[in-house]
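From first to last, the protein sequence lines stand for chains A and B. At position 102 of the first sequence the residue is numbered 102 (the working numbering), and the sequence of numbers has no breaks. At position 90 of the second sequence the residue is numbered 90 (the working numbering), and the sequence of numbers has no breaks. To start, the structure itself, in structure tokens.
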Amino acid sequence: MTLNIIHSGGFTIVQVDGHLNTLNAADFETQVMGLVERGDMKLIIDCSKLSYISSSGLRVFLLAQKKLRANKGLLKLCCLQPSIHEIFDMSGFTQIFLIETTLEASLTS
Amino acid sequence: MEHQEISLKNKIEELETITSFLDQLAEAWLLPPALLMSINLALEEAFTNIVYYAYADQATHQIELSISKQGDKLKICLADDGQPYDPTQAKAPDIKLSTEDRPIGGLGIFLIRKIMDNVHYQRDNGYNLLCMEKQISTPN
């Protein structure tokens with residue numbers, strides 16, 4: 001898993017590339033929560049290159065969502081591959097996250 | 001029937017061994033990528049649970065993974081000599097709760113049960129035996 005962090009239109013965009021699993025979820029958590037801690041309150045997690053996720057990765061998405069909600073921040077997800085979207089759906093996460101199909105849509109809405 | 005097995009240590013890094021074992025299997029048995037991802041996920045959740053919760057001691061234990069293919073059905077079994085634990089009896093999380101009310105965690109076993117067609121547990125001679133079945137033709 002690699003992360004690429006860019007800033008655009010007032011948002012911090014986190015691009016996740018590869019597999020998000022039990023072995024690297026702690027690293028993902030440190031980096032994402034680190035952004036929130038330092039005050040990046042408008043976050044987009046771009047999942048276009050996320051090819052695998054397990055419950056340990058889902059846990060970090062929920063943590064970030066809880067933290068941002070509690071601090072009047074905003075978290076959006078975009079561009080989930082169908083297999084990833086299915087896992088979010090099974091977990092009930094499509095109900096609690098703002099999910100856009102394109103990065104442009106998540107930047108404008 | 002085709003059958004493959006591998007012996008794993010109760011170390012979380014063995015997840016990488018599982019992934020490469022599955023990659024080889026998928027190539028040999030021509031398993032579709034979506035199915036490969038599903039069984040990798042189910043196995044990651046089950047194996048992680050064993051490594052983190054099955055053993056009270058600090059010793060090294062062996063966990064046996066076996067996968068067989070009969071017709072269009074895959075059967076995946078994990079055997080460990082840890083404390084008795086039946087994941088099929090775990091309480092399912094309420095996935096309709098709001099962000100604020102959703103507890104962190106508790107999704108692993110739930111995902112196994114959602115992904116696999118059939119999950120069976122038995123305690124056998126000091127071993128937890130967890131077997132999961134998946135139809136190869138089932139859309140993922």
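The C-beta atom is built at its ideal place from N, Cα and C for all residues, glycine as well. Please read these numbers as outputs of a predicted model, since none were measured by experiment.
- Only His19, Asn21, Thr22 and Leu23 from the region 1-24 of chain A bring a Cβ to less than 9 angstroms from some Cβ of chain B.
- Contact between the region 30-40 of chain A and the region 82-93 of chain B is absent: fewer than three C-beta pairs spanning the two stretches fall below 8 angstroms.
- Within its own chain, the residues whose Cβ lies closer than 7 angstroms to the Cβ of Lys42 (chain A), once the five positions on either side in sequence are excluded, are Gly10, Phe11, Thr12, Gly73 and Leu74, listed in chain order.
- Classified as exposed, Asn4 (chain A) has fewer than 16 neighbouring CB atoms from the shown chains inside 10 Å of its CB.
- Residue nearest to Lys67 (chain A) within the set A:Val36, A:Asp17, A:Thr102 and A:Glu104 is A:Val36 (criterion: CA-CA distance).
- For His61 (chain B), no alpha helix (DSSP H) segment is defined, and its DSSP state is neither H nor E.
- Of all alpha-carbon atoms in A:Ala25, A:Ser55 and A:Gln65, the one lying nearest the alpha-carbon of Ile84 (chain A) is that of A:Ser55.
- For Ala26 (chain B), the nearest beta carbon of chain A is not closer than 9 angstroms to its own beta carbon.
- Going by beta carbons, Thr22 (chain A) and Thr48 (chain B) fall inside the 9 angstroms limit.
- Interface annotation for the region 74-90 of chain A against chain B: Ser83, Glu86, Ile87 and Met90, criterion Cβ-Cβ distance under 8 angstroms.
- Taking the CA atoms as reference points, Lys91 (chain B) sits about 19 angstroms from Leu41 (chain B).
- Put simply, the CB of Gly34 (chain A) is far from chain B, with every gap to its CB atoms at 9 angstroms or more.
- Tyr52 (chain B) counts as exposed, since fewer than 16 other beta carbons sit within 10 angstroms of its beta carbon.
- Any Cβ of chain A closer than 9 angstroms to the Cβ of Gly82 (chain B) would place that residue at the interface, and such an atom is absent.
- For Gln15 (chain A), the uninterrupted beta strand (DSSP E) segment begins and ends at Phe11 to Leu20.
- The alpha helix (DSSP H) runs lying completely inside the region 30-98 of chain B and spanning 4 residues or more are 33-53, given in chain order.
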